[in-house]
Amino acid sequence: MAWFEHEGCSLHYEEYGHGNPLILIHGLGSSSQDWELQVPVLARHYRLIVVDVRGHGRSDSPRERYSIQGFTFDLIALIDHMGLPAAHVVGLSMGGMIAFQLAVDEPTRVKSLCIVNSAPEVKVRSAGDYWQWAKRRTLARVLSLSTIGKALGERLFPKPAQADLRRKMAERWAKNDKRAYLASFDAIVGWGVQEQLSKITCPTLVISADHDYTPVAQKEIYVKLLPDARLVVIEDSRHATPLDQPEVFNATLLDFLKTVETTTQDH
(Lines of atoms letter the chains of each structure in order from A and count residues from 1; the text may use other names and numbers.)
(Lines give C-alpha, C1' and ligand atoms only; values in the text may rest on other atoms or scores of the structure.)
Protein backbone atom coordinates (compact mmCIF):
# COMPACT_ATOMS: atom_id res chain seq x y z
CA MET A 1 0.00 0.00 0.00
CA ALA A 2 1.23 3.46 -0.84
CA TRP A 3 0.02 7.05 -0.77
CA PHE A 4 0.94 10.26 -2.55
CA GLU A 5 -0.21 13.84 -2.15
CA HIS A 6 -1.89 15.89 -4.85
CA GLU A 7 -3.47 19.30 -4.27
CA GLY A 8 -3.67 18.68 -0.53
CA CYS A 9 -5.37 15.32 -0.98
CA SER A 10 -3.75 12.04 0.10
CA LEU A 11 -4.40 9.41 -2.57
CA HIS A 12 -4.00 5.68 -2.14
CA TYR A 13 -2.67 3.18 -4.66
CA GLU A 14 -1.19 -0.31 -4.70
CA GLU A 15 1.52 -1.75 -6.90
CA TYR A 16 2.17 -5.39 -7.86
CA GLY A 17 4.43 -7.29 -10.26
CA HIS A 18 6.95 -6.14 -12.87
CA GLY A 19 7.01 -5.20 -16.52
CA ASN A 20 5.18 -2.59 -18.55
CA PRO A 21 2.82 -0.47 -16.43
CA LEU A 22 -0.88 -1.35 -16.35
CA ILE A 23 -3.25 0.96 -14.44
CA LEU A 24 -6.72 -0.12 -13.27
CA ILE A 25 -9.35 2.53 -12.40
CA HIS A 26 -12.54 1.52 -10.52
CA GLY A 27 -16.07 2.91 -10.83
CA LEU A 28 -18.34 5.15 -8.77
CA GLY A 29 -18.77 4.07 -5.14
CA SER A 30 -16.19 1.35 -5.62
CA SER A 31 -12.46 1.05 -4.83
CA SER A 32 -9.28 -0.74 -5.84
CA GLN A 33 -10.57 -3.78 -3.89
CA ASP A 34 -12.98 -4.51 -6.71
CA TRP A 35 -10.06 -5.65 -8.90
CA GLU A 36 -9.24 -8.47 -6.45
CA LEU A 37 -9.91 -11.17 -9.08
CA GLN A 38 -7.63 -9.40 -11.60
CA VAL A 39 -4.61 -8.54 -9.44
CA PRO A 40 -3.04 -12.02 -9.06
CA VAL A 41 -3.49 -12.81 -12.77
CA LEU A 42 -2.39 -9.49 -14.28
CA ALA A 43 0.53 -8.98 -11.88
CA ARG A 44 2.21 -12.06 -13.37
CA HIS A 45 2.68 -10.17 -16.64
CA TYR A 46 2.70 -6.44 -15.81
CA ARG A 47 3.69 -3.80 -13.30
CA LEU A 48 0.15 -3.42 -12.03
CA ILE A 49 -1.09 -0.21 -10.37
CA VAL A 50 -4.57 -0.07 -8.83
CA VAL A 51 -5.77 3.33 -7.63
CA ASP A 52 -8.42 4.63 -5.24
CA VAL A 53 -9.99 7.67 -6.92
CA ARG A 54 -10.34 10.68 -4.55
CA GLY A 55 -13.42 10.30 -2.36
CA HIS A 56 -13.19 6.49 -2.64
CA GLY A 57 -11.48 3.61 -0.84
CA ARG A 58 -8.53 4.67 1.29
CA SER A 59 -8.02 8.00 -0.49
CA ASP A 60 -9.05 11.26 1.18
CA SER A 61 -12.53 12.71 0.59
CA PRO A 62 -11.99 16.46 0.37
CA ARG A 63 -15.08 18.66 0.55
CA GLU A 64 -14.83 20.57 -2.73
CA ARG A 65 -16.67 19.77 -5.96
CA TYR A 66 -15.39 16.77 -7.92
CA SER A 67 -15.03 16.44 -11.68
CA ILE A 68 -13.88 13.80 -14.15
CA GLN A 69 -11.17 16.28 -15.22
CA GLY A 70 -10.07 16.61 -11.56
CA PHE A 71 -9.90 12.81 -11.13
CA THR A 72 -7.78 12.73 -14.31
CA PHE A 73 -5.37 15.36 -12.93
CA ASP A 74 -4.95 13.11 -9.86
CA LEU A 75 -4.10 10.19 -12.15
CA ILE A 76 -1.55 12.26 -14.12
CA ALA A 77 0.02 13.30 -10.78
CA LEU A 78 0.32 9.61 -9.81
CA ILE A 79 1.91 8.73 -13.17
CA ASP A 80 4.43 11.55 -12.64
CA HIS A 81 4.99 10.56 -9.00
CA MET A 82 5.84 7.00 -10.10
CA GLY A 83 7.81 8.16 -13.17
CA LEU A 84 5.86 5.79 -15.42
CA PRO A 85 6.35 5.54 -19.17
CA ALA A 86 3.24 5.27 -21.40
CA ALA A 87 0.92 2.82 -19.62
CA HIS A 88 -1.89 0.45 -20.50
CA VAL A 89 -4.98 1.98 -18.88
CA VAL A 90 -8.15 0.07 -17.93
CA GLY A 91 -11.25 1.83 -16.59
CA LEU A 92 -14.56 0.41 -15.41
CA SER A 93 -17.70 2.58 -15.56
CA MET A 94 -16.69 5.98 -14.05
CA GLY A 95 -13.08 4.72 -14.28
CA GLY A 96 -13.63 4.36 -18.04
CA MET A 97 -14.61 8.04 -18.18
CA ILE A 98 -11.39 9.01 -16.38
CA ALA A 99 -9.44 6.79 -18.82
CA PHE A 100 -11.17 8.46 -21.80
CA GLN A 101 -10.36 11.93 -20.42
CA LEU A 102 -6.70 10.94 -19.91
CA ALA A 103 -6.39 9.54 -23.44
CA VAL A 104 -7.91 12.73 -24.93
CA ASP A 105 -5.84 15.16 -22.81
CA GLU A 106 -2.53 13.29 -22.60
CA PRO A 107 -2.35 10.78 -25.47
CA THR A 108 1.40 10.21 -25.05
CA ARG A 109 0.84 8.76 -21.57
CA VAL A 110 -1.48 6.00 -22.79
CA LYS A 111 -0.08 2.96 -24.58
CA SER A 112 -3.46 1.26 -24.87
CA LEU A 113 -6.94 1.79 -23.53
CA CYS A 114 -9.50 -0.70 -22.24
CA ILE A 115 -12.95 0.73 -21.48
CA VAL A 116 -15.30 -1.55 -19.52
CA ASN A 117 -19.08 -0.94 -19.34
CA SER A 118 -18.66 2.78 -19.81
CA ALA A 119 -19.20 5.63 -22.27
CA PRO A 120 -17.42 8.75 -23.54
CA GLU A 121 -20.24 11.01 -22.35
CA VAL A 122 -23.16 11.20 -19.94
CA LYS A 123 -25.32 13.94 -21.38
CA VAL A 124 -28.78 14.79 -20.11
CA ARG A 125 -30.54 15.57 -23.38
CA SER A 126 -34.23 14.79 -22.94
CA ALA A 127 -36.84 15.12 -20.21
CA GLY A 128 -36.57 11.32 -19.85
CA ASP A 129 -32.80 11.54 -19.28
CA TYR A 130 -33.27 14.30 -16.74
CA TRP A 131 -35.93 12.29 -14.92
CA GLN A 132 -33.70 9.18 -14.78
CA TRP A 133 -30.75 11.06 -13.30
CA ALA A 134 -32.89 13.11 -10.91
CA LYS A 135 -34.50 9.91 -9.64
CA ARG A 136 -31.13 8.20 -9.17
CA ARG A 137 -29.66 11.19 -7.35
CA THR A 138 -32.68 11.57 -5.08
CA LEU A 139 -32.51 7.88 -4.15
CA ALA A 140 -28.76 8.21 -3.52
CA ARG A 141 -29.40 11.19 -1.24
CA VAL A 142 -32.37 9.74 0.67
CA LEU A 143 -31.35 6.10 1.10
CA SER A 144 -28.48 4.91 3.27
CA LEU A 145 -25.41 3.67 1.41
CA SER A 146 -25.94 0.30 3.05
CA THR A 147 -29.46 0.08 1.49
CA ILE A 148 -28.12 1.16 -1.91
CA GLY A 149 -25.32 -1.42 -1.65
CA LYS A 150 -27.78 -4.23 -0.93
CA ALA A 151 -30.06 -3.21 -3.81
CA LEU A 152 -27.12 -2.92 -6.22
CA GLY A 153 -25.76 -6.27 -5.10
CA GLU A 154 -29.08 -7.94 -5.90
CA ARG A 155 -29.23 -6.24 -9.27
CA LEU A 156 -25.63 -6.93 -10.29
CA PHE A 157 -25.31 -10.42 -8.83
CA PRO A 158 -28.80 -11.99 -9.03
CA LYS A 159 -27.76 -15.66 -9.11
CA PRO A 160 -28.02 -17.89 -6.02
CA ALA A 161 -24.32 -18.81 -6.41
CA GLN A 162 -23.34 -15.12 -6.22
CA ALA A 163 -24.31 -14.64 -2.56
CA ASP A 164 -20.70 -13.89 -1.61
CA LEU A 165 -20.46 -11.11 -4.23
CA ARG A 166 -23.76 -9.63 -3.01
CA ARG A 167 -22.50 -9.59 0.58
CA LYS A 168 -19.19 -7.96 -0.38
CA MET A 169 -20.95 -5.33 -2.47
CA ALA A 170 -23.28 -4.38 0.41
CA GLU A 171 -20.39 -4.25 2.92
CA ARG A 172 -18.09 -2.21 0.69
CA TRP A 173 -20.76 0.21 -0.48
CA ALA A 174 -21.75 0.99 3.14
CA LYS A 175 -18.19 2.24 3.78
CA ASN A 176 -18.47 5.06 1.22
CA ASP A 177 -18.41 8.67 2.32
CA LYS A 178 -21.91 9.81 1.32
CA ARG A 179 -20.93 13.37 0.49
CA ALA A 180 -18.04 12.21 -1.70
CA TYR A 181 -20.32 9.64 -3.35
CA LEU A 182 -22.88 12.31 -4.28
CA ALA A 183 -20.11 14.70 -5.42
CA SER A 184 -18.70 11.96 -7.68
CA PHE A 185 -22.18 11.19 -9.00
CA ASP A 186 -22.54 14.89 -9.89
CA ALA A 187 -19.13 14.81 -11.62
CA ILE A 188 -20.39 12.20 -14.09
CA VAL A 189 -23.63 13.88 -15.17
CA GLY A 190 -23.07 16.31 -18.04
CA TRP A 191 -19.46 15.18 -18.64
CA GLY A 192 -18.35 14.17 -22.12
CA VAL A 193 -15.45 13.86 -24.59
CA GLN A 194 -17.34 12.15 -27.42
CA GLU A 195 -16.53 14.98 -29.88
CA GLN A 196 -12.81 14.43 -29.22
CA LEU A 197 -12.59 10.65 -29.68
CA SER A 198 -10.66 11.01 -32.95
CA LYS A 199 -7.69 12.17 -30.80
CA ILE A 200 -7.43 8.70 -29.24
CA THR A 201 -5.17 6.88 -31.68
CA CYS A 202 -3.83 4.18 -29.34
CA PRO A 203 -5.27 0.64 -29.62
CA THR A 204 -8.56 0.55 -27.71
CA LEU A 205 -10.59 -2.40 -26.46
CA VAL A 206 -14.17 -1.72 -25.42
CA ILE A 207 -15.66 -4.47 -23.24
CA SER A 208 -19.41 -4.58 -22.75
CA ALA A 209 -21.47 -6.98 -20.67
CA ASP A 210 -24.47 -8.28 -22.56
CA HIS A 211 -26.70 -7.09 -19.66
CA ASP A 212 -24.96 -3.80 -18.85
CA TYR A 213 -27.06 -0.77 -17.82
CA THR A 214 -26.64 0.70 -21.30
CA PRO A 215 -27.27 -1.46 -24.39
CA VAL A 216 -24.44 -2.90 -26.50
CA ALA A 217 -25.78 -0.82 -29.42
CA GLN A 218 -24.69 2.37 -27.63
CA LYS A 219 -21.13 1.07 -27.39
CA GLU A 220 -21.17 0.09 -31.08
CA ILE A 221 -21.89 3.73 -31.95
CA TYR A 222 -18.91 5.21 -30.12
CA VAL A 223 -16.51 2.39 -31.04
CA LYS A 224 -16.90 3.53 -34.68
CA LEU A 225 -15.70 7.02 -33.67
CA LEU A 226 -12.43 5.68 -32.24
CA PRO A 227 -9.58 5.36 -34.79
CA ASP A 228 -8.29 1.97 -33.57
CA ALA A 229 -10.93 0.20 -31.50
CA ARG A 230 -12.83 -3.02 -31.24
CA LEU A 231 -15.74 -4.17 -29.13
CA VAL A 232 -15.98 -7.45 -27.23
CA VAL A 233 -19.29 -8.46 -25.66
CA ILE A 234 -19.06 -10.72 -22.60
CA GLU A 235 -22.07 -12.96 -22.16
CA ASP A 236 -24.01 -13.67 -19.00
CA SER A 237 -22.57 -10.57 -17.34
CA ARG A 238 -23.87 -7.35 -15.81
CA HIS A 239 -22.25 -4.02 -14.95
CA ALA A 240 -19.50 -5.50 -12.72
CA THR A 241 -17.96 -7.76 -15.39
CA PRO A 242 -14.50 -8.10 -13.73
CA LEU A 243 -16.27 -9.62 -10.69
CA ASP A 244 -19.02 -11.69 -12.32
CA GLN A 245 -16.97 -13.04 -15.28
CA PRO A 246 -13.36 -12.77 -14.06
CA GLU A 247 -11.87 -15.60 -16.14
CA VAL A 248 -13.33 -14.38 -19.43
CA PHE A 249 -12.54 -10.76 -18.58
CA ASN A 250 -8.91 -11.50 -17.64
CA ALA A 251 -8.32 -13.66 -20.73
CA THR A 252 -9.90 -11.04 -23.03
CA LEU A 253 -7.79 -8.23 -21.54
CA LEU A 254 -4.51 -10.22 -21.57
CA ASP A 255 -5.10 -11.28 -25.17
CA PHE A 256 -5.61 -7.63 -26.18
CA LEU A 257 -2.53 -6.42 -24.24
CA LYS A 258 -0.36 -9.16 -25.76
CA THR A 259 -1.45 -8.09 -29.26
CA VAL A 260 -0.64 -4.44 -28.44
CA GLU A 261 2.81 -5.37 -27.08
CA THR A 262 3.62 -7.54 -30.12
CA THR A 263 2.47 -4.90 -32.61
CA THR A 264 4.43 -2.08 -30.94
CA GLN A 265 7.58 -4.24 -30.89
CA ASP A 266 7.23 -4.84 -34.63
CA HIS A 267 7.20 -1.10 -35.45
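Sequential numbering from 97 applies to the sequence shown in our numbering. We treat Cβ as the ideally placed atom computed from N, Cα and C, and that holds for glycine.
- When LEU144, ARG140, ASP170 and VAL137 are compared, the shortest CA-CA separation from ARG150 is found for ASP170.
- The straight-line gap separating the alpha-carbon atoms of LEU248 and ALA266 is approximately 8 Å.
- With a 10 Å radius around the Cβ and a threshold of 16 neighbouring Cβ atoms, LYS315 comes out buried.
- By the Cβ test, the segment 191-211 is not in contact with the segment 222-232, since fewer than three Cβ pairs between them sit closer than 8 Å.
- Ranking SER163, ARG205, VAL329 and ALA347 by CA distance to the CA of THR297 puts ARG205 first.
- Membership of VAL137 in the alpha helix (DSSP H) is indicated by the continuous run 135-138.
- Around ASP156, the same chain offers CYS105, SER106, LEU107 and ARG150 as residues with beta carbons nearer than 8 Å, after the five sequence neighbours per side are excluded.
- Contact annotation: the segment 303-310 does not touch the segment 282-293, with fewer than three C-beta pairs closer than 8 Å.
- One alpha carbon belongs to GLU132, the other to ARG143, and they sit about 15 Å apart.
- By the C-beta density criterion, TYR226 is exposed, having fewer than 16 other C-beta atoms within 10 angstroms.
- Among the bridge pairs identified by DSSP, TYR142 is matched with none.
- Assignment of beta strand (DSSP E) within the segment 271-336, counting only whole runs of 3 or more residues, yields 300-305 and 325-330 in chain order.
- Short of 7 Å from the beta carbon of TYR318, and not among the five residues preceding or following it, lie these beta carbons of its own chain, in chain order: ALA215, PRO216, GLN290 and LEU293.
- Pairing VAL147 with GLY187 gives a Cβ-Cβ distance that is not under 8 Å.
- Judged by DSSP in its simplified three-state form, PRO181 adopts coil rather than helix or strand.
- Residue environment for GLY191: buried (at least 16 other C-beta atoms within 10 angstroms of its C-beta).
- Counting C-beta atoms within 10 angstroms of its own C-beta, VAL238 has fewer than 16 neighbours from the protein chains shown and is therefore classed as exposed.
- Non-local beta-carbon contacts of SER242 in its own chain, meaning distances under 8 Å to residues more than five positions away in sequence, involve ALA266, TRP269 and ALA270 in chain order.
- With a threshold of 16 other beta carbon atoms within 10 Å, MET97 falls short and is exposed.
- According to the DSSP assignment, PHE196 belongs to the alpha helix (DSSP H) that extends over 190-201.
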